[in-house]
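Undergrad:
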Amino acid sequence: ACKYSIDPRTKELFVLGGKGFRGYYEGLKQVYGHWVRAESFRLHLQEVLYGTRRVKDLAITTYPLEHTRYSVGYRIEEGGKVLAYSGDTDYCQEVVELGRGADLLVLECSFPEGRKVKGHLTPRWAGRIAREAGAKRLLLTHFYPPCDDADLLGPCREEFGGEILVAEDLMRVQV
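Number 175 marks the last residue of the sequence shown (our numbering); no jumps.
Written as structure tokens, this is what we have:
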């Protein structure tokens, strides 16, 4: 939060986003004004398509995903650890490559089994991607309301034998 007054941020912040992200942020500033402006710290916005770039000690690789024309997934590597994060996607080889050997693979799981929607994953598809990628752990996230009372772990476990976590608000996970 840009306006958290108890302990305001002073450290610079680097934000990578897909094509159009800068315009999206500018639109937010038009609507929310000073509430989303970085006034106590320096904000670095960079739009990225695909490839690898270095930010300090991090190697960040972006992959095209199957959702919208400019949807990207992020693979962050540092100190021998790998975090891979998909955002919205359907099954594709790029999301498998994104998660290849990841210590933690974070995949969206918007809909339960039997309710598949184009451009999104179900638990079974997320598990399949994690298995094919050889990920060590899988964190399911981005649940739409139909997931509220659904069994997410069962179908996912049928595909992936590693540790599976179900994201919750304010959850912290060690990579």
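The beta carbon of each residue, even a glycine, is placed where N, CA and C say it ideally should be.
Would you list the one or two residues that DSSP bridges to K3?
TA: None; K3 has no bridge partner.
Undergrad: Which runs of the beta strand (DSSP E) fall wholly inside the region 11 to 52 and span at least 3 residues, in chain order?
TA: For the region 11 to 52, whole beta strand (DSSP E) runs of length 3 or above, ordered along the chain, are 13 to 17 and 43 to 47.
Undergrad: Have a look at D149, T10, Q93 and L165 and flag the residue whose alpha-carbon is nearest the alpha-carbon of A38.
TA: Residue T10 is the option with its Cα nearest to A38.
Undergrad: By the DSSP assignment, the beta strand (DSSP E) with E78 in it spans what residues?
TA: Taken as a continuous stretch (DSSP letters only), the beta strand (DSSP E) holding E78 covers V72 to E78.
Undergrad: Start and end of the alpha helix (DSSP H) containing V95?
TA: V95 -> alpha helix (DSSP H) spans Q93 to L98.
Undergrad: DSSP three-state call for E158: helix, strand or coil?
TA: Here E158 sits in coil by DSSP.
Undergrad: Let me make sure I understand the geometry here. Which of S110, H67 and L83 has the alpha-carbon closest to that of A102?
TA: The residue with the shortest Cα to Cα distance from A102 is L83.
Undergrad: Within the continuous alpha helix (DSSP H) that includes P123, where are the two ends?
TA: From DSSP, the alpha helix (DSSP H) with P123 extends over P123 to A133.
Undergrad: Straight-line CA distance for H44 to Y24?
TA: The alpha-carbon atoms of H44 and Y24 are separated by roughly 14 Å.
Undergrad: Between E159 and G127, which are expected to be in contact by the criterion C-beta below 8 Å, what is the C-beta distance as a whole number of angstroms?
TA: That belief holds up - the Cβ atoms of E159 and G127 are roughly 3 Å apart, short of 8 Å.
Undergrad: Could you tell me whether the Cβ atoms of T52 and E66 are closer together than 9 Å?
TA: Going by C-beta atoms, T52 is not nearer than 9 Å to E66.
Undergrad: Evaluate Y74 with the Cβ neighbour count: other Cβ atoms within 10 Å of its Cβ, from every protein chain shown; 16 or more gives buried, anything less gives exposed.
TA: It is buried - the Cβ of Y74 has at least 16 other Cβ atoms within 10 Å.
Undergrad: Taking Cβ positions, are T141 and L107 nearer each other than 9 Å?
TA: Taking 9 Å as the Cβ cut-off, T141 and L107 qualify as a contacting pair.
Undergrad: Taking the alpha-carbon positions, what's the C109 to S5 distance?
TA: The straight-line gap from Cα to Cα measures roughly 34 Å.
Undergrad: Shortest alpha-carbon distance to A59 belongs to which of G80, H34, V72 and F41?
TA: Checking every option, the nearest Cα to that of A59 belongs to G80.
Undergrad: Please state the DSSP three-state secondary structure of P64.
TA: Here P64 sits in strand by DSSP.
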